[in-house]
Structures are given as C-alpha cells and as structure tokens.
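Engineer: In order, the protein sequence lines correspond to chains W and R. First residue of the first sequence? That's 11 in our numbering, and the numbers climb one at a time after it. First residue of the second sequence? That's 3 in our numbering, and the numbers climb one at a time after it. We put the beta carbon where it would ideally sit given N, CA and C, even for glycine.
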Amino acid sequence: MSVTPQSLKTLSRAWEPMSYGFLDASAKREIRRKMIKAVAVPGCQMPYASREVPMARGWGTGGLQVSLTLIHPNMRIKVIDQGADDSVNAASIRHFLARVSGAPTTLDTLQADLIQSRHRIPEEKLNEAQILVLQVPNPEPLRPVQPNMSIARQMHADADYGRMWLQLYEQIVRSGRVMQGASYPSMVNGRHVMTPSPIPRWDVPKLNMAQHLTILSAGREKRIFAVPPYTRVEPLVFDDVPYKVEEHHDLTCSRSGAKGFFMNEIPQEDGSSAYELSDSGFGVKHIQQSTGDAVTFGKTWYENGEMAE
Amino acid sequence: MAYVATRGGEQAIEQAERLFRAEMGEITPERVAEIKTALPYLIDRVMGEASLYDEDLAALALAQAGGDLYEAVLLLRAWRTTQPRLHVARPIEQVTLFTHRRISAAFKDIPGGQVLGPTLDYSHRIIATDVLEGARYVPAPVTPSATPAPAHQPSVAAWQAENDLVEMPGFDETAPEDIPDVTREPVLFPATRAHRLQSLARADTGATLALGYAAMRGYGQAHPTVNELRLCEAEIIVTHPKGTAFSAGRVKVSQAEVVSKKGDTLELGFAATLGWNEVKCISAATLDLNSKGAPKGSPTEEEFYLYHTEGVESSGFCIHFKLPHYVTFQSSLDAMRSAKKTGTTAEKTSPSKEPAQ
C-alpha cells in the first residue's frame with residue numbers, strides 16, 4: 011500500500027492571488043468580532059483595523075469591508091449612492107462585490123439580502139432578514155464640538171453630551187430652528203449618541219425600532235457601530251421643539267408621479283425646480299407600473315408624506 | 003419599457019478608466035524594469051509609504067497608476083494587506099546596519115567618522131537641458147576611497163548616553179510577535195510607541211514634511227539638531243521552524259535621530275522607514291521629538307500628526323469630495339430655506355462648523 015508523502019503542497023490549499031470576497035480570513039474574522047461587539051452595545055463605536063481595499067478611502071471602504079465579510083454566493087446585493095443604483099460609485103462598488111464574490115445583484119429593495127448604501131435608507135421597509143450597511147464618512151457625532159478623538163471617546167464613556175445639546179440650542183437661538191441638515195445626532199438605546207451617517211433627517215426615523223439590522227462602518231476613521239433590530243433611535247430634540255424632517259411631503263416626482271417621498275431637487279433653466287425621487291429603484295418601479303409592467307411594491311415607511319406608525 | 007437604470011453609470015466608469023489609460027500605452031515588463039532602475043528614490047518613497055518592500059511591485063504600481071503616487075501607494079497597500087504575516091524577523095540593532103551614508107550635524111567628527119555616501123546635497127541644481135538636444139548625460143565614475151569607511155558604525159546616541167548627555171529610552175521587553183502592528187489594529191491614543199513609529203514610517207512624505215516643517219519653524223516646542231542620519235541596508239534575519247537563523251535578504255532603510263537642546267539632558271526624537279528617504283525621516287523624527295507635552299490640537303500632538311500624515315486616508319478623503327453630495331446638500335438647503343422663511347435668523351454670526359459628509 012502506497013502512502014502519499016506529505017508536503018506543504020498536499021497539506022495546504024493551492025495558492026490563489028485573492029481570497030474569496032477579496033479580504034483575507036484574518037481581516038474578516040476581526041470585522042465579524044467587531045460587528046458582534048457593535049451589535050451588543052448599540053450605537054457605540056468599535057475601533058477596527060480597517061484594511062486597505064482596492065478603492066480609495068472615503069469612497070465606501072468601511073461599508074465595503076462589512077459587505078465583503080458578510081457576502082456569500084447566495085446573498086443578493088443592492089448598492090446605492092445618494093439613493094441611486096446608477097450613480098457611478100454605486101455601480102463601481104456593486105461591480106466589485108459581484109466580481110469578487112459571485113453574489114447576484116439587484117436594484118429592487120425587496121429582493122436584496124444586503125444593501126450597501128451611501129447616505130440613504132430606501133423608501134420601502136426592510137425586514138428582519140435584510141441587512142443595511144451604511145457608509146460613514148465621520149463616525150464621531152461629537153466632532154463638531156470636540157475634534158480630538160481621545161477626548162470624544164472619554165465623553166461617550168461618561169455619556170457627557172451636554173455640548174451636543176448646547177450646540178442644538180445655539181442653533182435655535184441663532185436661526186430659529188435646528189440647522190443640522192443630514193447626519194442628525196441620535197440617541198441609540200438610550201445610551202450612546204451616534205451619527206446615523208449623513209442620511210437626511212427624513213431617513214432617521216426609519217432606524218427607530220426597525221426590523222432590520224443596520225451596520226455603520228467608517229473605513230477611513232476605522233470605526234464600526236450598529237443599530238440592531240428593534241432598537242430605539244431617537245434624534246436629539248428638546249421637548250418643546252419637535253424633530254423636523256425635510257419638507258418633502260407635498261413634492262411630486264416629475265418622472266414617476268410618486269408623491270410624498272424624499273426628492274432630489276433638479277434646478278430648471280427657467281429658475282424653478284423640478285423634483286425626482288431620490289430612491290431610484292423605487293422610482294423605476296413607479297415608471298414601470300405606469301407603463302403596465304407588473305411590479306411589486308413593498309410597504310413604505312412613509313405614507314402620504316408622513317411617517318407611518 | 004426597458005428601463006435599465008444602471009447602464010449609464012457602468013458604461014461611464016468603464017470608459018473613464020479607458021480614457022485615463024489611453025495615452026499611456028502598454029505596461030510591459032520592460033517598462034517596469036526601466037522604472038525600477040531609473041527612479042530608485044521614487045521607488046523607495048513608494049515602498050516606504052506602502053510599507054511593502056518590493057521594488058518590482060513598487061515599479062509596477064507606479065506604471066499602473068501612471069505615476070500618481072497616492073494611487074500607486076494604495077495599489078500596494080491593498081495588495082499587502084491581503085498577504086499573510088508569516089514571520090517576525092529579528093530586531094535590528096544600529097551597529098549591525100550595513101551603512102552607506104551616515105552623518106551627524108551635532109559634532110564635527112564622530113566615532114566611525116562622517117560618511118557622506120550617495121547624496122545630491124552638494125550638487126548644483128542645473129538642469130541638463132543638453133539631453134533634450136540629443137546629448138547623453140553619462141555620470142562620471144566613482145573613484146573608490148583608498149581606505150573605505152567601515153560598513154558598520156556605532157550610534158551617536160550611544161556615545162552621548164555613555165557621557166550622560168542623553169536619556170535613552172528603556173529597553174522594550176515586548177516579545178517580537180507581541181509588538182502591536184498598525185496594519186492589523188487601529189491606532190488608539192495615547193498610541194503605543196510601536197504604533198507611532200510604524201505610522202510615521204508609512205506616513206505620506208509631503209504631509210510629514212509639512213507638519214515637521216511647522217514644528218521646525220516654531221509651531222513646536224523643540225528645535226531639532228540632526229544627531230545622526232543614516233542610509234543603510236538591514237539584514238532581515240528570520241528563524242526557520244527547525245531553529246536555524248538565516249538571512250532572508252537585505253532591505254534599504256533610512257533613519258534619523260534628532261535631539262533638542264533644552265534642559266540639562268538631550269531629548270531624542272527618532273524615525274525610520276523602508277527605503278532611503280531623508281526628508282521624511284528628519285521630519286518624522288522632529289514630530290516624534292516634539293510630541294511630548296504638545297497641546298491638544300497642535301500640529302505636533304501625536305493624534306493630530308498621525309491622523310493627518312496618513313496618505314491613503316487623507317488623499318482618499320480629499321478626492322471623495324468629487325462624489326455626489328446632493329442628498330446631504332438637499333437636507334441642509336431645506337433647513338436654510340425654512341430658517342429664512344421664518345425670518346428669525348439673527349444677525350450674521352460666525353458660520354458654525356459643518357459636519358463632514
């Protein structure tokens with residue numbers, strides 16, 4: 011009986027220039043661990059190594075690392091940038107994810123298992139089986155009041171958010187309203203203030219007690235944080251000054267006719283503005299419906315321009 | 003209606019990259035080899051910032067990026083990070099360095115001597131326009147010295163320590179495999195000394211110079227004197243699982259030691275990097291020297307300079323502003339319009355800081 015002699019070649023797998031899903035196993039393991047920590051302490055920023063990926067920092071490398079860690083060949087991927095599937099960087103990320111994983115892609119929020127997004131949450135509700143990965147440029151909500159990260163970290167540990175409140179108060183005194191545009195600071199699970207990433211104020215209530223898991227990842231700044239399913243996310247507001255989303259309730263999409271969702275403003279030559287749905291996949295569905303195609307709409311977070319209960 | 007939303011974006015990015023490469027022609031092994039031999043100092047800079055010592059890969063990255071340094075470094079970093087860490091080499095001591103150039107500005111002469119080695123420091127910077135007229139620029143041959151400088155040199159700081167002039171950092175007992183690795187874990191503050199020096203070793207040369215220069219001009223507490231500057235080669239000694247220690251080859255390294263002249267002893271700032279890059283080492287050592295007690299938010303504070311000299315991150319974030327920002331813009335526009343409408347906006351006050359988007 012012959013015994014095959016053991017060598018490095020027989021004991022190890024053949025060398026390949028790239029691991030499945032680009033990241034090597036040690037990088038994925040670290041990200042898995044940090045994601046679990048982030049889920050365990052909702053809204054708390056967990057530092058991670060944040061490896062370089064074949065895209066420039068600031069272009070979704072944090073979200074990309076999370077997606078690459080979670081991805082498998084049966085996971086259907088949707089990628090949006092500012093709500094649009096056809097934005098050049100969204101196209102680039104989607105192409106890369108599919109190329110290194112073999113995972114199928116989709117433009118339909120309802121069909122997606124994982125949605126990597128830059129600065130929007132889709133208008134159709136996500137369910138418990140779906141994961142939303144938000145790209146984060148600056149993970150630190152305290153940055154405007156405290157640029158030094160080591161001090162900010164201490165402030166989070168002490169739940170010392172007085173200067174956050176003061177900043178909001180000063181805006182009201184100066185401008186008559188809270189001037190924060192996107193990235194509205196929000197209290198997660200009653201303990202940690204997080205930035206929801208620069209999603210519009212319109213999208214922040216979608217995170218509150220949501221069915222889906224949201225992972226927020228900042229590649230350049232090397233921080234992961236999470237909003238687990240059914241977790242409270244409350245924008246910082248004063249009792250007597252209610253939270254205000256963008257006044258898009260009455261706007262109508264000039265391309266699809268849909269009304270009561272977050273819109274892109276398109277300046278017109280005559281000085282006026284036209285509007286179109288920011289959630290491009292949702293817009294396409296409306297257009298398809300109007301031309302007689304069979305389309306399935308999901309339940310939306312907003313109904314008639316108001317956040318549904 | 004066949005409405006394919008993605009077509010525009012995907013076609014556009016494909017064609018945009020083709021356009022970028024259209025004028026550069028083929029990338030061939032010959033082109034890569036030519037870059038490697040013709041531009042060793044550029045190769046060194048890229049290897050240092052990528053923290054990957056491989057001249058061929060560095061030359062290839064430069065060719066592939068069309069000479070865009072930030073792109074070349076990112077190509078190498080993204081490759082490097084996927085490669086396994088197989089082994090930790092033996093620590094390198096200064097006296098074992100195979101030294102090509104080693105100078106001290108602190109003393110006229112030093113044990114081991116001043117060794118000028120290869121440098122453009124005293125060259126007259128006159129551009130050789132003749133070459134464009136068809137002449138050849140043939141470098142004159144080097145005349146070897148009758149008594150060559152010793153390859154191994156003692157450290158200047160060691161002499162100063164013996165004479166009670168400088169306080170040497172204590173010996174770090176950390177086992178080699180336990181040394182924190184900045185490529186495998188994030189820098190937290192206060193940073194470990196290993197993280198600080200590793201981070202500076204792969205910092206962007208230009209950024210390190212800018213902040214180091216700020217410290218030199220007076221935005222730091224200490225004015226540096228170059229105690230010792232070295233360009234050398236280091237032997238990489240690794241141990242085979244059977245126990246045999248052997249050399250895996252040599253890498254070019256540069257290092258600088260600067261000292262401050264305040265107080266009753268000299269304080270030491272240190273930096274080293276892969277490849278020969280004097281400007282970076284002197285600047286980085288100056289930052290190291292100045293970090294002790296630096297005020298929060300000053301250019302010589304560790305958190306400030308380590309974050310802002312990280313080239314892959316800073317260049318990436320800078321170019322990300324080209325991405326569409328219309329959702330965040332819309333969100334701010336909405337707040338501005340509604341504030342205007344209610345007309346309660348107080349007199350113009352200093353603009354509040356915008357968050358990064």
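Just checking: is the beta-carbon of PRO157 of chain W within a distance shorter than 8 angstroms of some beta-carbon in chain R?
Structural biologist: Position 147 of the first sequence holds residue 157 of chain W. With 8 angstroms as the cut-off, PRO157 of chain W counts as an interface residue toward chain R.
Engineer: Which word fits THR131 of chain R, buried or exposed, when buried means at least 16 other C-beta atoms lie within 10 angstroms of its C-beta?
Structural biologist: By one-based count along the second sequence, residue 131 of chain R stands at place 129. Per the 10 Å Cβ criterion, exposed.
Engineer: Shorter than 8 angstroms from the beta carbon of ALA7 of chain R to some beta carbon of chain W?
Structural biologist: As a position in the second sequence, residue 7 of chain R is number 5, starting the count at 1. Unreliable positioning characterises ALA7 of chain R in this predicted model, as indicated by a pLDDT of 45, which lies under 50. A coordinate reading is not provided.
Engineer: I need the straight-line Cα distance from LEU291 of chain R to PRO226 of chain R, nearest angstrom please.
Structural biologist: In the second sequence, the residue the question calls residue 291 of chain R occupies position 289. In the second sequence, the residue the question calls residue 226 of chain R occupies position 224. Their backbone Cα atoms lie some 8 angstroms apart in a straight line.
Engineer: Using the three-state DSSP reduction, which class does CYS283 of chain R fall into: helix, strand or coil?
Structural biologist: Against the second sequence, residue 283 of chain R aligns to sequence position 281. Three-state DSSP puts CYS283 of chain R in a helix.
Engineer: Less than 8 angstroms between CB atoms is the rule here; does PHE418 of chain R satisfy it with respect to chain W?
Structural biologist: The structure shown has nothing for residue 418 of chain R, since chain R only spans 3 to 359.
Engineer: Is DSSP giving ASP91 of chain W helix, strand or coil here?
Structural biologist: Along the first sequence, one-based indexing puts residue 91 of chain W at 81. The answer is strand: DSSP assigns ASP91 of chain W an E or B state.
Engineer: The beta strand (DSSP E) with ARG339 of chain R in it runs from where to where?
Structural biologist: Here residue 339 of chain R refers to the residue found at position 337 when the second sequence is read from its first residue. First-last for ARG339 of chain R: 328-344, but that is the alpha helix (DSSP H), not the beta strand (DSSP E).
Engineer: Could you list the residues in the region 280-307 of chain R with a C-beta less than 8 angstroms from some C-beta on chain W, going in chain order?
Structural biologist: Listed by position along the chain: LYS298, GLY299 and GLU305.
Engineer: If the cut is a Cβ gap below 9 angstroms, which residues of chain R does SER227 of chain W touch?
Structural biologist: Mapped onto the first sequence, residue 227 of chain W falls at position 217. Within chain R, no residue comes near SER227 of chain W; the closest Cβ sits about 13 angstroms away, beyond 9 angstroms.
Engineer: Leaving out the 5 sequence neighbours to the left and right, which residues in its chain are closer than 7 angstroms to GLU19 of chain R when beta-carbon positions are compared?
Structural biologist: For the purposes of this step, residue 19 of chain R is taken as residue 17 along the second sequence, with counting starting at 1. For GLU19 of chain R, where only same-chain residues beyond five positions count, there are no Cβ hits under 7 angstroms.
Engineer: What span of residues does the alpha helix (DSSP H) with HIS296 of chain W cover, start to end?
Structural biologist: As a working mapping, residue 296 of chain W is identified with position 286 in the first sequence. Run containing HIS296 of chain W: 290-300, per the alpha helix (DSSP H) assignment.
Engineer: Measuring straight from C-alpha to C-alpha, what distance separates GLU179 of chain R and ALA91 of chain R?
Structural biologist: For the purposes of this step, residue 179 of chain R is taken as the residue at position 177 of the second sequence. For the purposes of this step, residue 91 of chain R is taken as the residue at position 89 of the second sequence. If I take the Cα positions, the gap works out to 9 angstroms.
Engineer: At the level of alpha carbons, what is the spacing between SER125 of chain R and ALA24 of chain R?
Structural biologist: Position 123 of the second sequence, counted from the first residue, corresponds to residue 125 of chain R. Position 22 of the second sequence, counted from the first residue, corresponds to residue 24 of chain R. The straight-line gap from Cα to Cα measures roughly 38 angstroms.
Engineer: Give the interface partners of ALA48 of chain W over in chain R, defined as CB-CB distance under 9 angstroms, in chain order.
Structural biologist: Here the question's residue 48 of chain W lines up with position 38 in the first sequence. In chain order: nothing, as chain R lies at least about 14 angstroms away.
Engineer: If you run the structure through DSSP and keep just helix, strand and coil, what is VAL34 of chain R?
Structural biologist: In the second sequence, the residue the question calls residue 34 of chain R occupies position 32. Correct three-state label for VAL34 of chain R: helix.
Engineer: Looking only at C-alpha atoms, which of W:LYS295, W:HIS202, W:SER290 and W:LEU80 sits nearest to PRO151 of chain W?
Structural biologist: Here residue 151 of chain W corresponds to residue number 141 of the first sequence, with the count starting at 1. Here the closest residue by C-alpha is W:HIS202.
Engineer: Does the beta-carbon distance from VAL329 of chain R to HIS296 of chain W come in below 8 angstroms?
Structural biologist: Sequence index remark: in the second sequence, residue 329 of chain R carries index 327 (1-based). Sequence index remark: in the first sequence, residue 296 of chain W carries index 286 (1-based). Against a cut-off of 8 angstroms, the Cβ pair of HIS296 of chain W and VAL329 of chain R comes out as no contact.
Engineer: Could you check where the beta strand (DSSP E) with GLN164 of chain W kicks off and where it finishes?
Structural biologist: Here the question's residue 164 of chain W lines up with position 154 in the first sequence. Careful: GLN164 of chain W lies outside any beta strand (DSSP E), inside the alpha helix (DSSP H) at 159-167.
Engineer: Between which two residues does the beta strand (DSSP E) harbouring ASN229 of chain R extend?
Structural biologist: Position 227 of the second sequence holds residue 229 of chain R. Segment 227-241, the beta strand (DSSP E) holding ASN229 of chain R.
Engineer: Does PRO86 of chain R come within less than 8 angstroms of chain W when only Cβ atoms are used?
Structural biologist: Position 84 of the second sequence, counted from the start, is the residue given in the question as residue 86 of chain R. Yes, contact with chain W.
Engineer: Determine whether the Cβ of PRO64 of chain W lies closer than 8 angstroms to any Cβ atom of chain R.
Structural biologist: The sequence position of residue 64 of chain W within the first sequence is 54, counting from 1. For PRO64 of chain W, the answer is yes, since a Cβ of chain R falls inside 8 angstroms of its Cβ.
Engineer: Between the region 91-107 of chain W and the region 137-144 of chain W, do three or more beta carbon pairs fall short of 8 angstroms?
Structural biologist: Output reads no: the region 137-144 of chain W does not touch the region 91-107 of chain W.
Engineer: Measuring CB to CB, does ALA60 of chain R end up less than 8 angstroms from LEU78 of chain R?
Structural biologist: As a position in the second sequence, residue 60 of chain R is number 58, starting the count at 1. As a position in the second sequence, residue 78 of chain R is number 76, starting the count at 1. In contact: ALA60 of chain R and LEU78 of chain R (Cβ atoms closer than 8 angstroms).
Engineer: Expressed to the nearest angstrom, what Euclidean distance is found between the alpha-carbon atoms of PRO252 of chain W and PRO27 of chain W?
Structural biologist: Reading the first sequence from its first residue, position 242 is the one you call residue 252 of chain W. Reading the first sequence from its first residue, position 17 is the one you call residue 27 of chain W. Taking the straight line from one Cα to the other gives about 55 angstroms.
Engineer: So what's LEU323 of chain W in DSSP terms, helix, strand or just coil?
Structural biologist: There is no way to answer for residue 323 of chain W, as the model of chain W reaches only from 11 to 319.
Engineer: Can you tell which of R:ALA286, R:ASP56, R:LYS254 and R:LEU268 has the C-alpha that lies nearest to the C-alpha of MET170 of chain R?
Structural biologist: Start at 1 with the first residue of the second sequence, and residue 170 of chain R comes out as number 168. It is R:LEU268 whose Cα lies nearest to the Cα of MET170 of chain R.
Engineer: Bridge partners for GLY271 of chain R per DSSP, in chain order?
Structural biologist: The residue labelled residue 271 of chain R in the question sits at position 269 within the second sequence. Bridge partners of GLY271 of chain R: R:VAL260.
Engineer: Distance check for CYS234 of chain R and ALA163 of chain R, CA to CA, integer angstroms please.
Structural biologist: Position 161 of the second sequence, counted from the start, is the residue given in the question as residue 163 of chain R. Position 232 of the second sequence, counted from the start, is the residue given in the question as residue 234 of chain R. Approximately 23 angstroms between the Cα atoms of the pair.
Engineer: Going by C-alpha distance, which of W:LEU144, W:TRP175, W:GLN145 and W:VAL146 is nearest VAL155 of chain W?
Structural biologist: Translated into the one-based positions of the first sequence, residue 155 of chain W becomes position 145. It is W:TRP175.
Engineer: If you drop the 5 nearest sequence neighbours on each side, which residues of the same chain put their C-beta closer than 8 angstroms to that of MET65 of chain W?
Structural biologist: Numbered from its first residue, the first sequence carries residue 65 of chain W at position 55. So the qualifying residues of the chain are THR71, LEU74, SER102, ILE103 and PHE106.
Engineer: Would you say the region 247-266 of chain R touches the region 275-291 of chain R, given that touching needs at least three Cβ pairs under 8 angstroms?
Structural biologist: They touch, by the three-pair rule.
Engineer: Looking at chain W, is there any beta carbon in it that lies within less than 8 angstroms of the beta carbon of PHE248 of chain R?
Structural biologist: Counting from 1 along the second sequence, the entry for residue 248 of chain R is found at position 246. It does not; no Cβ of chain W falls within 8 angstroms.
Engineer: Name, please, each residue of chain W whose Cβ falls closer than 9 angstroms to the Cβ of ARG79 of chain R.
Structural biologist: Residue 79 of chain R sits at position 77 when you count from the first residue of the second sequence. Result: ARG61 and GLU62.
Engineer: Listed in chain order, which residues of the region 315-327 of chain R have Cβ atoms closer than 9 angstroms to some Cβ of chain C?
Structural biologist: Here chain C cannot be found, since the structure's protein chains are W and R.
Engineer: For ALA284 of chain W, which three-state DSSP category applies?
Structural biologist: Within the first sequence, the letter at position 274 stands for residue 284 of chain W. ALA284 of chain W: strand per DSSP, three-state reduction.
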